[in-house]
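Asks:
In the numbering used here, the protein residues as written are 1412 to 1563.
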């Protein structure tokens, strides 16, 4: 819960950052407060870019440790290494591209699978999270007007 709300310009779907690292997004606001859904929420899914290969995959939290998330749908034919960084992609309607998400911590090849199982150390340390910034990417409102609202 943030101690700023609509009177301070905060609106739903604004990005919540700690420096250049993604912390979450605003879900709801009142006049004086804003509720944030952190990246470490099981219903959050964020578009992640692997800059070295320009490959986009989904970053999700597995519900266990606040330090780690999983990178889903990263094809095994594309090289990736432990320590590689992941940033927000241009496909996100909430976050501007290039914000830090984390780095690759563990890579597993599952026999017969077409994607890796990848664990990511998150850039944001939720155990030490204190002050955050709230931003609205340029042209976010215009972009959201074009998105279908009736999809499941």
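C-beta: ideal position from N, C-alpha, C; glycine also. Predicted, not measured: the structure shown is a model, and the values here were computed from it.
Which whole runs of the beta strand (DSSP E) in the stretch 1449-1473 are 3 residues long or more, in chain order?
Replies: If we require 3 residues or more, the beta strand (DSSP E) runs fully inside the stretch 1449-1473 come out as 1456-1461 and 1466-1471.
Asks: Near residue 1352, what residues of its chain come up, given a Cβ to Cβ distance below 8 Å and the 5 sequence neighbours on each side ignored?
Replies: Residue 1352 lies beyond the stretch modelled for the chain, which goes from 1412 to 1563, so this question has no answer here.
Asks: By a C-beta neighbour count over all protein chains shown, 10 Å radius and 16 as the cutoff for buried, is residue 1430 buried or exposed?
Replies: Result: exposed.
Asks: Under the three-state reduction of DSSP, which class applies to residue 1418: helix, strand or coil?
Replies: Reduced to three states, the DSSP call for residue 1418 is helix.
Asks: Taking only three categories from DSSP, how would you classify residue 1519?
Replies: Residue state, collapsed to three classes: strand.
Asks: Report the start-end ranges of each beta strand (DSSP E) in the stretch 1485-1541 that is 3 residues or longer and not cut off at the edges.
Replies: Listed in chain order, they are 1496-1499, 1511-1519 and 1528-1533.
Asks: Can you name the residues that DSSP bridges to residue 1429?
Replies: Note: residue 1429 sits in a beta bridge opposite 1432.
Asks: In angstroms, rounded to a whole number, what distance separates the CA positions of residue 1562 and residue 1536?
Replies: Any reading at residue 1562 must be qualified, since the residue scores a pLDDT of 47, below 50, and its modelled position is unreliable; the value itself is stated next. Distance between the alpha carbons of residue 1562 and residue 1536: 33 Å.
Asks: Between the alpha carbons of residue 1533 and residue 1539, how many angstroms are there, rounded?
Replies: Using only the alpha carbons, I get a separation of about 13 Å.
Asks: Look up residue 1424 in the DSSP assignment and say whether it is helix, strand or coil.
Replies: Three-state result, residue 1424: coil.
Asks: Sort 1503, 1541 and 1513 by Cα distance to residue 1494 and report the nearest one.
Replies: Considering only alpha carbons, the answer is 1513.
Asks: Is DSSP giving residue 1481 helix, strand or coil here?
Replies: If DSSP states are grouped into helix, strand and coil, residue 1481 belongs with the strands.
Asks: Compute the distance between the beta-carbons of residue 1456 and residue 1437, then report whether it is under 8 Å.
Replies: Cβ atoms of residue 1456 and residue 1437: not closer than 8 Å.
Asks: Which first and last residues belong to the beta strand (DSSP E) in which residue 1545 is found?
Replies: Looking at the DSSP string, the run of the beta strand (DSSP E) that includes residue 1545 is 1544-1546.
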